[in-house]
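Trainee: Chains as they are written, first to last, in our numbering: chain A, 42 to 445; chain B, 42 to 445.
No residue lacks a Cβ here, since even glycine has one placed at the ideal position from N, Cα and C.
Quick one: this structure, given as structure tokens, is what I'll be asking you about.
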């Protein structure tokens with residue numbers, strides 16, 4: 042397997058574009074993105090578990106219930122959620138795009154991200170869609186990735202190539218994260234494309250299995266968005282023998298998918314609103330998988346641990362506190378905690394109690410911008426990783442006045 | 042019922058004190074507090090559900106399992122949690138104090154608050170306890186309240202008088218809150234005293250019932266502390282007929298207790314770490330009590346809602362988002378949301394969707410320092426209130442470098 046460039050356009054037959062259509066006032070910020078597959082693709086998607094759901098999710102669910110799609114359209118700047126005519130706007134968007142691309146509206150996935158509860162007009166879509174379609178290009182992944190950004194500061198795209206039965210396949214994706222990130226069954230917005238031939242059923246299986254250990258293990262701020270969605274389109278243009286069951290080919294595909302999703306998870310977490318650091322909590326030695334996950338996520342979600350990481354303060358007591366209230370059944374007296382980064386690793390807690398350590402060395406380690414919190418439960422064989430970021434002044438600044 | 046002064050010393054037969062004993066370096070900050078009852082009192086306590094528990098809690102549980110206590114000692118500056126010899130230190134503290142007061146160590150409640158996982162020496166207790174006992178006074182409530190503060194900026198004390206069977210009874214309390222506040226079965230530290238005569242069994246019942254709607258409904262930062270404890274001592278010196286069963290007298294007592302605890306809840310929430318505002322979320326029209334509570338607490342815990350309140354931004358979409366992911370089964374399309382303060386009230390959402398409102402008026406309302414978020418679910422008769430605060434730069438500042 043090899044990391045390659047091209048993002049969501051790396052896989053054969055995919056083009057993308059991103060333009061400014063006028064949903065945002067700032068004319069230099071793209072606010073409408075399109076991903077297009079030359080061949081009709083099998084499609085799988087997972088959505089937020091929030092009861093308050095963005096209107097586009099309802100429309101998308103309806104459109105891909107047959108397991109196929111040909112295009113994805115997504116705007117930023119307005120979430121099209123809690124709007125009286127949200128469904129109507131999302132449907133009209135698909136109709137306008139369908140006409141322009143000469144494909145059925147039902148083959149289009151639609152998504153939105155931005156402010157909740159503000160009326161969204163169809164006019165900017167009407168104006169922007171023709172230019173959007175004209176701009177479609179095999180080099181368009183970056184523009185599309187930019188068009189879905191809100192408070193993100195970095196573009197998130199990646200692709201890998203892999204081999205199935207002698208055929209080179211590719212899978213790539215773009216994502217947006219930043220705030221209101223605590224996914225449950227999906228993350229903010231992730232669009233994945235592959236030219237691997239795989240049945241709709243196996244595609245769904247691959248995606249729903251993978252997200253349990255990837256996007257569902259990120260938390261920026263504990264708030265599960267109303268618009269979370271991960272979509273994966275597979276157009277089969279790599280011409281490998283279609284994957285229709287579990288086995289070696291499916292495993293290879295899962296591994297490639299996981300490489301792409303873990304990369305995007307780390308990018309989303311590290312670029313959380315106001316974040317200065319990526320925090321990874323790696324839990325090992327759990328009695329079962331659920332315990333490993335619960336503990337890892339509880340540490341990543343703890344505001345106090347996040348603030349300590351911002352201050353490069355080795356306040357491991359907050360890590361223990363977060364394990365203790367996680368709800369997981371752990372033997373506190375067996376817990377070990379270490380901090381790790383490019384500057385080295387330092388053990389700070391053994392048998393659930395503090396051990397002497399060099400504060401100076403700990404500071405050096407925690408001043409880096411990618412930190413691992415290693416938790417050994419010493420009670421079994423299960424491991425899990427969760428991703429998050431530090432809690433900073435800028436998170437407060439960004440969210441104290443996001444809407445106005 | 043009448044609000045009176047005197048805090049934890051308002052009830053007959055209670056004295057208190059607070060001194061600096063040397064756990065903290067700052068010699069002007071009291072760090073050791075004592076509450077003493079002339080008469081042996083019935084005692085009830087509730088504790089954190091965190092699996093990682095402060096050593097003092099284990100010792101206290103043992104000491105009051107007979108339902109009686111005569112004194113409470115509490116230090117700040119060190120939580121005595123995750124220390125190898127924590128139990129030993131907590132027991133020695135009780136022994137030292139028992140000797141000085143000439144009472145059994147088993148009649149003493151012990152508590153600690155501060156940094157987790159730092160060795161705690163017995164020396165400052167040895168030095169401080171004689172002075173502490175000498176300082177005991179009927180005017181000592183404020184000093185005791187100061188001695189338990191960590192990052193709290195305001196003293197939290199209150200008392201009320203009430204009448205049971207022609208006898209004047211009093212109940213008062215002190216509390217500390219500030220950070221790591223998301224209680225589950227108890228809150229950070231609350232010490233309550235009453236001279237009402239009430240059996241140990243009914244005292245326990247009163248306390249465990251009350252905290253479900255009071256301290257368990259506060260959240261500052263979602264982190265459930267390792268050292269949460271609420272203790273209530275009743276020494277019977279008001280000479281009312283002892284309350285031994287439910288009935289009118291018990292109801293009067295419950296009402297007085299609730300007045301004291303709600304007051305302290307509001308004080309704890311409004312003085313959360315870095316807080317500039319007290320936020321109350323009042324949910325009405327829920328199908329059942331659990332739904333009302335779950336929704337109220339979810340809104341209060343949402344980092345995004347908290348940050349919006351800091352910025353006086355009427356971003357009600359975040360309130361709906363938090364209701365949606367709360368896990369409560371609600372009909373989103375029936376939800377109404379209003380914001381209220383001393384400056385008035387403004388409706389912002391009806392039937393789950395936005396309605397036009399004056400941003401200027403909303404800003405005026407949200408710039409106040411006590412804000413109510415009113416959520417009407419329009420699906421039943423149950424109501425609940427949760428308390429919290431805004432998320433500010435100062436929360437990050439305080440917690441980015443608390444330990445060093």
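Using a 10 Å radius around the Cβ and a threshold of 16 neighbouring Cβ atoms, would you call residue 236(A) buried or exposed?
Mentor: buried
Trainee: Under a three-way DSSP split, which group does residue 115(B) fall into?
Mentor: Collapsing the DSSP output to three states places residue 115(B) in a strand.
Trainee: Looking only at DSSP bridge pairs, what is residue 270(B) linked to?
Mentor: Per DSSP, 88(B), 230(B).
Trainee: Is the Cβ of residue 256(A) closer than 8 Å to any Cβ of chain B?
Mentor: no
Trainee: Anything in chain B within Cβ reach of residue 128(A), meaning under 8 Å, just list it in chain order.
Mentor: Ordered by position in chain B, no residue passes the 8 Å Cβ test against residue 128(A), which lies about 12 Å from the chain.
Trainee: Using a Cβ-Cβ cut-off of 8 Å (strictly less than) and excluding sequence neighbours within five positions of residue 94(B), which residues of its own chain qualify?
Mentor: 88, 122, 267, 268
Trainee: Who are residue 154(A)'s beta bridge partners in DSSP?
Mentor: 117(A), 119(A)
Trainee: Kindly list, in the order they appear in chain B, the residues whose Cβ is closer than 7 Å to that of residue 440(A).
Mentor: 345, 348, 349
Trainee: Output needed for residue 209(A): all residues of its chain with C-beta closer than 7 Å, excluding positions within five of it in sequence on either side, in chain order.
Mentor: 202, 279
Trainee: Between which two residues does the alpha helix (DSSP H) harbouring residue 254(A) extend?
Mentor: 241-254
Trainee: Please confirm if residue 88(B) has its CB atom under 8 Å from at least one CB of chain A.
Mentor: no
Trainee: If you draw a straight line from the alpha carbon of residue 371(B) to that of residue 334(B), how long is it in whole angstroms?
Mentor: 12 Å
Trainee: Examine chain A for any beta-carbon lying closer than 8 Å to the beta-carbon of residue 159(B), and answer yes or no.
Mentor: Closer than 8 Å: yes.
Trainee: For residue 364(A), decide whether its Cβ has a neighbour in chain B, counting only Cβ atoms nearer than 8 Å.
Mentor: yes
Trainee: What residues in the stretch 397-429 of chain A bring their beta carbon closer than 8 Å to a beta carbon of chain B?
Mentor: 400
Trainee: Could you give the residue range of the alpha helix (DSSP H) that holds residue 305(B)?
Mentor: 289-311
Trainee: Just to make sure I have the definition right: I need the residues of chain B whose C-beta is within less than 9 Å of the C-beta of residue 267(A). Which are they?
Mentor: Result: 358, 361, 362, 365, 366.
Trainee: What is the rounded straight-line gap between the Cα of residue 119(A) and the Cα of residue 105(A)?
Mentor: 23 Å
Trainee: When you compare only the Cα positions, how much space is there between residue 399(B) and residue 309(B)?
Mentor: 32 Å
Trainee: Give every residue of the same chain whose Cβ lies closer than 8 Å to the Cβ of residue 411(B), excluding the five residues on either side of it in the sequence, and list them in chain order.
Mentor: Short of 8 Å from the beta carbon of residue 411(B), and not among the five residues preceding or following it, lie these beta carbons of its own chain, in chain order: 311, 318, 319, 321, 382, 383.
Trainee: Helix, strand or coil: how does DSSP classify residue 376(B) here?
Mentor: coil
Trainee: Starting from the C-beta of residue 56(A), find all residues in its chain whose C-beta is less than 7 Å away, skip the five residues before and the five after it, and write them out in chain order.
Mentor: 50, 77, 177, 178, 179, 181
Trainee: Starting from residue 407(B), follow the alpha helix (DSSP H) in both directions and report where the run begins and ends.
Mentor: 400-407
Trainee: I need the DSSP call for residue 225(A), collapsed to helix, strand or coil.
Mentor: Per-residue confidence for residue 225(A) stands at a pLDDT of 46, beneath the threshold of 50, marking its modelled position as unreliable; the derived number appears in the next sentence. Here residue 225(A) sits in coil by DSSP.
Trainee: Taking the beta strand (DSSP E) that residue 413(B) falls in, what are its first and last residues?
Mentor: 411-417
Trainee: If we ignore side chains and look at the alpha-carbon of each, how far apart do residue 418(A) and residue 332(A) end up?
Mentor: Inter-residue distance for residue 418(A) and residue 332(A) is about 10 Å (C-alpha atoms, whole angstroms).
Trainee: Nearest-angstrom Cα distance between residue 396(B) and residue 355(B)?
Mentor: 12 Å
Trainee: Taking the alpha-carbon positions, what's the residue 250(B) to residue 259(B) distance?
Mentor: 15 Å
Trainee: How is residue 126(B) classed by DSSP in three states: helix, strand or coil?
Mentor: coil
Trainee: Note down the Cα distance separating residue 155(A) from residue 191(A), rounded to an integer number of angstroms.
Mentor: 7 Å
Trainee: Does residue 65(A) come out as helix, strand or coil in the three-state DSSP assignment?
Mentor: coil
Trainee: By DSSP, does residue 237(A) sit in helix, in strand, or in coil?
Mentor: Residue 237(A): coil per DSSP, three-state reduction.
Trainee: Excluding sequence positions up to five away, which residues of its chain have a Cβ less than 6 Å from the Cβ of residue 226(B)?
Mentor: Any reading at residue 226(B) needs caution, since the residue's pLDDT is 36, under 50, leaving its predicted position unreliable; the model's value is listed next. The answer, listed in chain order, is 87, 90.
Trainee: For residue 228(A), does the count of other Cβ atoms within 10 angstroms reach 16, so buried, or fall short, so exposed?
Mentor: Bear in mind that a pLDDT of 37 at residue 228(A), under 50, signals an unreliable position, so the model cannot answer this.
Trainee: Considering only the beta carbon of each residue, do residue 347(B) and residue 435(B) sit closer than 8 Å?
Mentor: no
Trainee: Let me make sure I understand the geometry here. Which of 426(A), 232(A), 200(A), 428(A) has the alpha-carbon closest to that of residue 297(A)?
Mentor: 200(A)
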